[in-house]
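Numbering (this note's numbering), first residue to last: 33 to 483. For each residue, glycine too, the CB sits at the ideal point set by N, CA and C.
What follows is the structure in structure tokens.
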């Protein structure tokens, strides 16, 4: 390229610069540049027209190519979708396989658990059967032991009755019966009571004796108490003579001047009277001890040996004794159709007679429920006032409530009654052998004075 050609290629702005190219520009050069610009413009226009014509002519081909490209792109997408579908199917198969495996494992676990449970049930049934057999054997042994205990109780009570506390039934002679006084006849009328829809007569012609000590059959001990108190003033001379010879037993001193050989109870024979009550209380407490029965009232057998015993205290002590006897009879299933609460020794005699004759068999424990007629009769036995505070001496489940109070006859405890007089006789210096020997001495001495 020549220098002139280079100048022609420069833009007009540079050519018009007076500082650099002012001396180079000429008219011919300017024309050449314009021509070139014109040619360039024509070339661009022709190029544009050519491209436009090409596009119009090759438009189907371009559309075809675009379609081919879109088709290829869609094919690629389809291939991707196929790959994803294959991957998903493989995942589904894998999940199904895992689910089958897990279900198979869970089924095997359930089968194993059911098998173990069946084995446990079988072992439990075997253990249950063994326990049932063992329970039957133990129950049989327990029943045999209970029968042995009942036999032992019968034997011990029989020995107590035979060897120590001998209770005999004595009937009066006909000549003694014809000598009844008017007071005795009135007493017979008073002994007739209405029980369970019929009248029952407490026979005073039969006397019960315990260790050579007789007690009235009708259980009316208060009349003897009052009679003794009335005769105390008349017998002061005899008391002063005998006070150094005899200890004071009961409420007043013992008088041995008037003794009788008949089985009837004489009011002067207070030693036998009080000894009979003392032995009866001791015998009842021992029976309750062998039966493991908690009596309603804690009555020591030394109660009737108290010198300062008042009439109300004596009456309440007798009522407690009779209540304990009736309670024990009901507890041991003794028939109470002919029982009278006031007949102390007669009730004990019925109890011993029935208990010795009855067949040995097991009986279920039952609550002691007193009939209504016995409740009324036993409530009447208590005095209105008691210096010993009856509520404190009685047990919490007293069988005779006051009015408008609940009556609960079921014992609250199975404990053996703790009677200090039974366990520690030395504390009160009262024992069965000592009392028996003292009373026998009194009887012999009284018979000697009578002769």
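The three-state secondary structure of residue 200, taken from DSSP, is strand. In the three-state scheme derived from DSSP, where H, G and I count as helix and E and B as strand, residue 239 is classed as strand. Taking a cut-off of 8 Å on C-beta distances, the stretch 310–317 touches the stretch 241–259, as three or more cross pairs fall below it. When DSSP assignments are scanned along the stretch 328–389, the uninterrupted stretches of alpha helix (DSSP H) that are 4 or more residues long and fall wholly within it turn out to be 343–363, 376–389. Judged by DSSP in its simplified three-state form, residue 71 adopts helix. Of 198, 379, 357, 114, the smallest CA-CA separation from residue 323 is found for 357.
Note that the stretch 353–372 does not touch the stretch 156–173; fewer than 3 beta-carbon pairs, one per stretch, sit closer than 8 Å. Distance between residue 67 and residue 76, taken at the CA atoms: about 14 Å.
With 16 or more neighbouring CB atoms inside 10 Å of its own CB, residue 375 falls in the buried class. Between the alpha carbons of residue 87 and residue 94 lies a distance of about 8 Å.
Excluding residues up to 5 positions away in sequence, 242, 243, 311, 315 lie with their Cβ nearer than 7 Å to the Cβ of residue 197 in the same chain. Contact annotation, residue 351 with residue 409: C-beta distance approximately 10 Å; criterion of less than 8 Å not satisfied. Judged by pairs of C-beta atoms under 8 Å, the stretch 182–194 touches the stretch 321–341, as three or more such pairs exist.
Across the structure, residue 116 and residue 129 are spaced so that their CA atoms are roughly 19 Å apart. Here residue 174 carries a helix assignment [DSSP, helix/strand/coil]. About 6 Å separates the beta carbons of residue 254 and residue 347, which is inside the 8 Å limit, making them a contact pair.
When 405, 360, 400, 403 are compared, the shortest CA-CA separation from residue 383 is found for 360. Pairing residue 189 with residue 381 gives a Cβ-Cβ distance that is not under 8 Å. The alpha-carbon of residue 355 is positioned some 8 Å away from that of residue 329. In the displayed model, residue 408 falls within a helix according to three-state DSSP. DSSP places residue 247 inside the beta strand (DSSP E), whose first and last residues are 245–247. In the three-state DSSP reduction, residue 402 falls in the coil class, being neither helix nor strand. In its chain, beyond the 5 residues on either side, 343 have a beta carbon closer than 8 Å to the beta carbon of residue 258. Cβ neighbours of residue 386 within its own chain (closer than 6 Å, five residues either side excluded): 366. As the crow flies, the alpha-carbon of residue 156 is around 27 Å from that of residue 175. If you check the CB distance, residue 353 and residue 331 come in under 8 Å.
Here DSSP, grouped into helix, strand and coil, assigns residue 317 to helix. For residue 165, the secondary structure class from DSSP, reduced to helix, strand or coil, is helix.
Within the same chain, no Cβ atom closer than 7 Å to the Cβ of residue 160 is found once the five residues on either side in sequence are excluded.
Taking the CA atoms as reference points, residue 65 sits about 36 Å from residue 90.
Judged by their CB atoms, residue 318 and residue 192 are nearer to each other than the 8 Å cut-off. For residue 334, the number of other beta carbons within 10 angstroms of its own is at least 16, and it is reported as buried. A direct Cα-Cα distance of roughly 15 Å separates residue 146 from residue 136.
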